[in-house]
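Number of protein chains: 2
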Amino acid sequence: MAPTATPSATVRSRVTAATTPVSDRLSARDRLLAAADELFYEEGVHTVGIDRIIERAGVAKASLYNTFGSKDELVRAYLEGRHTARQARVTRFIAGYTAPRERLLGVFDALASFIAEPGFRGCAFVNASAESLPGGAVETVSDESRAWTRALFAELAEAAGVADATGLAAQLVLLYDGAMVGARMDRTAATALAARAVAETLLDAAL
Amino acid sequence: MAPTATPSATVRSRVTAATTPVSDRLSARDRLLAAADELFYEEGVHTVGIDRIIERAGVAKASLYNTFGSKDELVRAYLEGRHTARQARVTRFIAGYTAPRERLLGVFDALASFIAEPGFRGCAFVNASAESLPGGAVETVSDESRAWTRALFAELAEAAGVADATGLAAQLVLLYDGAMVGARMDRTAATALAARAVAETLLDAAL
DNA sequence: GTGACAGTAGACAGACCGGTCTGTTATTGT
DNA sequence: ACAATAACAGACCGGTCTGTCTACTGTCAC
């Protein structure tokens, strides 16, 4: 209660020296998301604690809880970010093609580029699902992401003139998943190419 | 230090009542493995603590550490058990067929029966890998298990008269993985059937 | 009978977990 | 000039984690 004399001068100078204008930096939210994205993906949701995240983000613990409310919500935000990033990547890849057949196969090109990235560790949704109980936020976001992929395959198959577009889409999802998990488990990037080749075979057979 | 009077009478009667002859029960090791298998598979390796395992096994904590030495070793034993169980299931399924083609497709029948089981939660190795760092025991056992599957597919493909047996094996592993992870993520058993159908197509194309 | 052995119960240690809270500082809108 | 806002650092809480340790009990071979 008594206003004790604090060494505010030294504290101020230290803080001021380390602090750059807020407008020049990413917001605490963005830095938290970036740190969470790296750590959660690299080591798993359960393994990584709050303290490691705020340390990497250079953010106070209170900021995390003011922004996200709980670790669970941070996990959800992390997965939603992964989903939109994947959407962007795939969309960018297939936008480079005009022929329906190439657009469909382009999804596997996008997958190949993802797998070939350094630090690839499989599908973030599959990984997160492996360590979370059913009915949680992880399941919800995963379902959204997977429904988007399936719908995209069906749409591209239909545009390519496939009669049973949803049937082919189911097969392509099979390949997509298989390539992703195979690449992770066997530490090889070859699966995406193999999946693309099989997809070509199935597409020809479905026409 | 002073030999205080303990209520040994009450303790003895309680213990004796709850204790059945050792020869009638499973060993502490087997009960621990059974409990670990259920809990690790259902909820994940990281989520489940030692205390929950010994409670379900009805075993003292010291017995766990005398038998396995560490939680990591228990995890390894759990995965090795999963591996041998999978070998047994697949072997049993394909033993029912004599024609090479049916034997190859029988692997997917075994997969279908596994996926259809209540409590199916995906591939134990994929799940465990999602929450463990590279270079550990999980990776070793996973590699063994996946190498066995791949070799089996190649062997069956060769027996079926496929020229590029290892090439087809790679495709079949793709389907196997895809069906497993797809069934887990989408909570459906239909993927195994779809994978079997695609496998048939690929087998015909490879002959 | 006695000693070896495998088991049980549970206290304990030290680290880490998610989450709350206090208090300080910098920026910004009015 | 001043209040509001948003960020900071970090102590603190109850609980859980893996792993160790002591002390006791039942079974079995010899």
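As they're listed, the protein sequences go chains A and B.
Note that numbering that gives the first Met the number 0 has the first sequence beginning at 0, numbered continuously upward.
Note that numbering that gives the first Met the number 0 has the second sequence beginning at 0, numbered continuously upward.
For each residue, glycine too, the CB sits at the ideal point set by N, CA and C.
At a Cβ-Cβ threshold of 8 Å, alanine 111 of chain A and leucine 192 of chain A count as neighbours.
Scanning chain B for C-beta atoms nearer than 8 Å to the C-beta of histidine 45 of chain A yields Gly43, His45, Thr46 and Glu130, reported in chain order.
For a cut-off of 8 Å, the C-beta gap from tyrosine 40 of chain B to arginine 120 of chain B is around 6 Å, short enough to register as a contact. The Cβ-Cβ distance between valine 89 of chain B and valine 137 of chain B does not fall below 8 Å. For valine 47 of chain A, there is no enclosing alpha helix (DSSP H), since its DSSP letter is neither H nor E. Around the beta carbon of arginine 102 of chain A, 16 or more other beta carbons sit within 10 angstroms, so the residue counts as buried. At a cut-off of 8 Å between C-beta atoms, asparagine 126 of chain B counts as an interface residue with respect to chain A. Within the region 48-78 of chain A, the runs of alpha helix (DSSP H) that reach at least 4 residues and sit entirely inside it are, in chain order, 49-56 and 60-66.
In chain order, Arg75, Leu78, Glu79, His82 and Phe124 place their CB closer than 8 Å to the CB of valine 140 of chain B, counting only its own chain and leaving out the 5 sequence neighbours on each side. In this structure, A/Leu38 is the residue among A/Leu38, A/Phe67, A/Ser69 and A/Asn65 with its C-alpha nearest to the C-alpha of arginine 55 of chain A.
Across the region 137-164 of chain B, CB contacts with chain A closer than 7 Å involve Ser141 and Arg145, in sequence order along the chain. Taken through DSSP and simplified to helix, strand or coil, threonine 97 of chain B comes out as coil.
In this structure, arginine 145 of chain B and methionine 184 of chain A form a Cβ contact; the two beta carbons are roughly 6 Å apart against a cut-off of 8 Å.
Residue burial annotation: alanine 98 of chain A is exposed, with fewer than 16 other C-beta atoms found within 10 angstroms of its C-beta. Under the criterion of beta carbons closer than 8 Å, alanine 129 of chain B and glycine 43 of chain A qualify as touching, at roughly 6 Å. Among the residues facing chain B, threonine 190 of chain A is included, as its CB has a counterpart in that chain under 8 Å away. Counting only the Cα atoms, alanine 158 of chain A lies some 51 Å from glycine 48 of chain B. Secondary structure of aspartate 142 of chain B (DSSP, three-state): helix.
Collapsing the DSSP output to three states places valine 161 of chain B in coil. The continuous alpha helix (DSSP H) containing glutamate 42 of chain A extends over residues 27-42. At a cut-off of 8 Å, the C-beta of aspartate 176 of chain A has a neighbouring C-beta in chain B. In this model, alanine 156 of chain B and glutamate 154 of chain A are separated by some 34 Å (Cα to Cα). Counting other Cβ atoms within 10 Å of its Cβ, glycine 105 of chain A reaches 16 or more and is therefore classed as buried.
Alanine 33 of chain A and alanine 204 of chain A have their C-alpha atoms some 43 Å from each other. Under the criterion of beta carbons closer than 8 Å, leucine 167 of chain B and leucine 201 of chain B qualify as touching, at roughly 6 Å. Going by DSSP, threonine 200 of chain B is part of the alpha helix (DSSP H) stretching over 189-205. Annotation: Cβ neighbours of valine 172 of chain A in chain B (cutoff 8 Å, chain order): Gly177 and Gly181. Boundaries cannot be given for phenylalanine 119 of chain A, as no alpha helix (DSSP H) includes it and DSSP labels it neither H nor E.
Separation of isoleucine 114 of chain B and threonine 187 of chain B (C-alpha to C-alpha, rounded to the nearest whole angstrom) is 8 Å.
Within the same chain, and ignoring the five residues on either side of aspartate 71 of chain A in sequence, the residues whose Cβ sits closer than 7 Å to its Cβ are Ala136.
Excluding sequence positions up to five before and after leucine 31 of chain B, its CB lies within less than 8 Å of the CB of Ile52, Ile53, Ala56, Val58, Ser62, Leu63, Thr66, Phe67 and Leu73, all in the same chain and listed in chain order. Among the CB atoms of chain A, one or more fall inside 8 Å of the CB of leucine 201 of chain B. Nearest in C-alpha terms to serine 69 of chain A, of all of A/Asp50, A/Arg85 and A/Gln86, is A/Asp50. Per the coordinates, the alpha-carbon of arginine 91 of chain A lies some 34 Å from the alpha-carbon of aspartate 142 of chain B. For alanine 169 of chain B, the C-beta contacts it makes with chain A under 7 Å involve Ala193, in order along the chain. Looking at the backbone, the Cα of aspartate 108 of chain B and that of leucine 171 of chain A are separated by about 20 Å.
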